[in-house]
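Below you'll find the structure, written out as structure tokens, and then a few comments.
Number of protein chains: 2
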Amino acid sequence: MSKKDIILTGDRPTGSMHLGHLVGSMLNRVKLQETCEQYVMIADVQALTDNFEQPEKVHANVVEVICDYLAVGIDPQKTTIFLQSMIPAIPELTMYYMNLVTLARVQRNPTLKTEIKQKGFGQNIPVGFLVYPINQAADITAFKANLVPVGADQLPIIEQTNEVVRSFNRIYKTNVLVEAKGVVPKCARLSGIDGKAKMSKSLNNDISLKDSADELAKKVRNMYTDPNHLRVEDPGKIEGNIVFEYLDIFGSDKNKVAELKEQYQKGGLGDVKVKNYLVEQLDALLAPIRKKRAEFAKDPAQVLQIALDGTRVANEVTQATLAEVKAAMHLVY
Amino acid sequence: MSKKDIILTGDRPTGSMHLGHLVGSMLNRVKLQETCEQYVMIADVQALTDNFEQPEKVHANVVEVICDYLAVGIDPQKTTIFLQSMIPAIPELTMYYMNLVTLARVQRNPTLKTEIKQKGFGQNIPVGFLVYPINQAADITAFKANLVPVGADQLPIIEQTNEVVRSFNRIYKTNVLVEAKGVVPKCARLSGIDGKAKMSKSLNNDISLKDSADELAKKVRNMYTDPNHLRVEDPGKIEGNIVFEYLDIFGSDKNKVAELKEQYQKGGLGDVKVKNYLVEQLDALLAPIRKKRAEFAKDPAQVLQIALDGTRVANEVTQATLAEVKAAMHLVY
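Protein sequences, first through last, are from chains A and B.
The opening position of the first sequence corresponds to residue 603 in my numbering, with each subsequent residue numbered one higher.
The opening position of the second sequence corresponds to residue 603 in my numbering, with each subsequent residue numbered one higher.
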């Protein structure tokens, strides 16, 4: 990735961030900010598409999410953190792009199809939800981002974005819009502690970056392992055993992890011991984040100010793109 | 109508205005500006929803439409004329309203259904076209307009707007949005000179406000009358006879019109005579407009400046509404 790569990423402020976000995206951002121009969006408008009846929840989580960013090392000197609702260029671009996408095309989007099913909308899909892939095309292209970190299930959104880019550039005989590449992080999908699904606050199977050392220990103790491993001396299975899945990711000493696995499979290693080791490993990662987070959380006004400063920068960038887009569309008076 | 009535109206700049616009809406605006707070929108963004491949056409017609407004007596001291594409609050409001309307609801909108059929979109409806009733709800509510002059076929758009208003105010426990009343003008639908359909530039059956006296005379000569009225001495029909339809509307002397009708039905009155009289009557109305129009058209920069000044005013009003809307949605940081 060259110095000139532009990254647009972000989160819906619907809950504070957890371990899945940390390894799935946040640590990646900490690395990428050193070499790329990175924009991180607090997607409050998008959060409202399926939380429009709980605006208080969205509002309350904005500062929480920024605290999480700062605590993990996303550095406002290197990364522009901004609030989506304060970027008027995004809805403007969305309006123009909506003319270039048919209803049939949006309805064929596999990401959207899955989500519509998950959310049980049936025939009652809010238009705003249907439009969100087009809204995301506006997010991405407003910054001329060429790299967008996404989960594998979100790749169709990037495809939709690039279709808009190609249509726009073709129809308006321009090259102002830039195609983006979706980058799927190595560890995009961390299992929840129940082993049933991806870690998610709403499924209550997450380890939050806010959790105290005690809460962390308690959650690991309740973690899903091998349900047939009843006595210490019995052999245990490591496939599907969440404790070992986590150790593969978070264990700092790969040899030690390999040793534990062997012993567990042979028999003679109890769950409690392995879990205690995992707690140690996770706490080594999370304790400094937790500490920094608590510091930042003491001054929410200052934390918010960071996003407001970033928003000013984001408005400069996106207004410049919007001006080019409008010029291409002859909307200049 | 009380002094406090707020009117939002406007036109898509897809062609210069014609006699149908004049009696259907423009003369009404000239009257209403005396007693109401009136905003007239040049709907360039909406024009693009079905002209997105011809942005030059939309751009070129903006000044044309403003010239038409000024020529008929819409007074920028009394009426705020503004450009839709320069009002960022409208797309922002549209985004929020889209969450409150389901796809099924939009698809049931009779106005939209008819237009989708007329335009032959089939399954390929652009999302932007589908969203335009929600976009119009944003136009109307951004100004807190309580009166919206519309064609009878557009009343479902007002109903959609009011549904958005009620949903928003209920969900966000507020009363910032105001319901609007659709007002159908007496003469909302003038037939084209071919007698086949409503007057429309795209159907090439219009009398433009720009037409010279000669063009006017030529168009009236070609007007649809009674196809069976072949000889002067024969009795003619006035039902469906466009010349008489126009005389009912534009004839300044109702007794004279009644006389002509009687004579025509009895026989002994030729089409040429009646048409010459109609030309006289129309020219009395159109000549001063044509003259003023030609004056304004000499300085397009100044004409445009009028809309730019109005746009500044419109931005003040709509940003104030947007701020209230965002406050109700807890989107204040």
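For every residue, glycine included, the Cβ atom is placed at its ideal position computed from N, Cα and C.
inquiry  = Suppose the cutoff is 7 Å on Cβ atoms and the five residues either side in sequence are ignored; what does the same chain contact list for A:Thr-616 look like?
reply    = Closer than 7 Å at the Cβ level, and outside the excluded window around A:Thr-616, lie Ala-649, Asn-653, Lys-659, Val-660 and Asn-663.
key: Candidates A:Leu-933, A:Ser-814, A:Lys-875 and A:Val-915: closest to A:Arg-895 by CA position   = Minimum Cα distance to A:Arg-895 is reached at A:Ser-814.
task = List in chain order: all unbroken alpha helix (DSSP H) runs of 4+ residues lying wholly within the stretch 796 to 827 of chain A.
result = Taken in chain order, the whole alpha helix (DSSP H) runs of length 4 or more contained in the stretch 796 to 827 of chain A are 815 to 823.
query = So which residues on chain A does B:Ala-706 lean against when the C-beta distance must stay under 7 Å?
reply = Under the 7 Å cutoff, chain A gives Gln-725 and Asn-726.
key: As assigned by DSSP and simplified to three states, the class of A:Phe-898   = It is helical.
task = Return the residues of the stretch 768 to 794 of chain A that lie within a Cβ-Cβ distance of less than 8 Å from chain B, sorted by chain order.
result = Under the 8 Å Cβ criterion, the stretch 768 to 794 of chain A contributes Ile-773 and Tyr-774.
message = Can you tell me which residues form a DSSP beta bridge with A:Tyr-641?
response = According to DSSP, which records beta bridges pairwise, A:Tyr-641 is partnered with A:Leu-610 and A:Thr-682.
request  = Grab me the residues of A:Val-786's own chain with a C-beta within less than 6 Å of its C-beta, minus the 5 sequence neighbours each way, in chain order.
outcome  = Excluding residues up to 5 positions away in sequence, Ala-754 lie with their Cβ nearer than 6 Å to the Cβ of A:Val-786 in the same chain.
inquiry  = Which residue marks the beginning of the alpha helix (DSSP H) containing A:Gly-730, and which one marks its end?
reply    = Start and end: 729 to 732.
Chain B contacts from the stretch 685 to 698 of chain A (Cβ-Cβ distance under 9 Å) = Cβ proximity to chain B below 9 Å picks out Leu-685, Ser-687, Met-688, Pro-690, Ala-691, Ile-692, Pro-693, Glu-694, Leu-695, Thr-696, Met-697 and Tyr-698 from the stretch 685 to 698 of chain A.
ask   = Just the Cα atoms here: how many angstroms apart are B:Glu-694 and B:Leu-779?
value = A straight-line Cα-Cα distance of about 15 Å links B:Glu-694 and B:Leu-779.
ask   = Based on Cα-Cα distance, which residue from A:Leu-884, A:Asn-737 and A:Ala-747 lies nearest to B:Met-697?
value = Residue A:Asn-737 is the option with its Cα nearest to B:Met-697.
key: Three-way DSSP call (helix, strand, coil) for A:Gly-784 in this model   = In the displayed model, A:Gly-784 falls within a strand according to three-state DSSP.
query = Which residues in the same chain have their Cβ closer than 7 Å to the Cβ of A:Val-647, if we skip the five residues on either side of it in sequence?
reply = Within the same chain, A:Val-647 has close Cβ partners Gln-686 and Ser-687.
query = Can you tell me the Cα-Cα spacing of B:Ser-604 and B:Glu-639, whole angstroms?
reply = Annotation note: pLDDT 47 at B:Ser-604 (below 50); position unreliable, no value reported.
message = So, under 8 Å CB-CB, A:Met-801 and A:His-620 are touching, yes? Tell me the CB distance rounded to an integer number of Å.
response = Indeed they touch by this definition, with Cβ atoms about 6 Å apart.
ask   = Does A:Glu-666 come within less than 8 Å of chain B when only Cβ atoms are used?
value = Residue-level contact check: A:Glu-666 does not touch chain B, since none of the beta carbons of chain B fall below 8 Å from its beta carbon.
ask   = Among B:Phe-723, B:Leu-634 and B:Lys-788, which has the Cα closest to the Cα of B:Ile-851?
value = B:Ile-851 has its Cα closest to that of B:Lys-788, out of B:Phe-723, B:Leu-634 and B:Lys-788.
ask   = Which class does A:Pro-829 belong to by DSSP, given the choice of helix, strand or coil?
value = Looking at A:Pro-829 - three-state DSSP - the assignment turns out to be coil, as it is neither helix nor strand.
task = Kindly list, in the order they appear in chain A, the residues whose Cβ is closer than 8 Å to that of B:Asp-646.
result = Going along chain A in sequence order, the residues near B:Asp-646 (Cβ under 8 Å) are Leu-933.
ask   = DSSP state of A:His-932, grouped into three classes?
value = Coil.
inquiry  = Counting only Cβ pairs nearer than 7 Å, list the residues of chain B close to A:Thr-651.
reply    = Residues of chain B whose Cβ lies closer than 7 Å to the Cβ of A:Thr-651 are, in chain order, Asn-701.
key: Beta carbon of B:Ile-840 nearer than 8 Å to that of B:Ala-673   = Against a cut-off of 8 Å, the Cβ pair of B:Ala-673 and B:Ile-840 comes out as no contact.
task = Ignore the nearest five residues each way along the sequence and tell me which others in A:Leu-805's own chain have a CB closer than 7 Å to its CB.
result = Excluding residues within five positions, the ones whose Cβ falls inside 7 Å are Gly-794 and Ala-799.
query = Does the beta carbon of B:Ile-736 come closer than 8 Å to any beta carbon on chain A?
reply = By this cut-off, B:Ile-736 is an interface position.
Distance between A:Val-733 and A:Pro-657 (C-alpha atoms, nearest Å) = If you take the alpha carbons of A:Pro-657 and A:Val-733, they lie about 19 Å apart.
ask   = Can you name the start and end residues of the alpha helix (DSSP H) that B:Val-766 belongs to?
value = Taken as a continuous stretch (DSSP letters only), the alpha helix (DSSP H) holding B:Val-766 covers 757 to 773.
message = Taking the beta carbon of B:Arg-833 as the centre, do at least 16 other beta carbons fall within 10 Å, making it buried, or is it exposed?
response = It counts as exposed.
message = With a threshold of 8 Å between beta carbons, is A:Pro-657 in contact with chain B?
response = Yes - at least one Cβ of chain B is within 8 Å of the one on A:Pro-657.
request  = Could you give the DSSP three-state label for A:Pro-735: helix, strand or coil?
outcome  = Note: A:Pro-735 maps to helix in three-state DSSP.
Endpoints, beta strand (DSSP E) assigned at A:Leu-749 = From DSSP, the beta strand (DSSP E) with A:Leu-749 extends over 749 to 751.
query = Tell me, which residues are paired with B:His-620 by DSSP?
reply = Looking at the DSSP assignment, B:His-620 forms a beta bridge with B:Ser-810.
inquiry  = Within a Cβ cutoff of 7 Å, which residues of the same chain sit near B:Leu-624, ignoring the five residues on either side of it in sequence?
reply    = Contacts found: Val-674 and Leu-811.
task = Tell whether a beta-carbon distance below 8 Å holds between B:Ile-676 and B:Ala-909.
result = No, the pair does not count as a contact, with Cβ atoms beyond the cut-off.
task = Within its chain, find whatever has a CB closer than 6 Å to the CB of B:Leu-757; leave out the 5 residues flanking it on each side and keep chain order.
result = Correct list, in chain order: Gly-784.
message = For B:Ala-739, count the other beta carbons within 10 Å of its own beta carbon; 16 or more makes it buried, fewer makes it exposed. Which is it?
response = Per the 10 Å Cβ criterion, buried.
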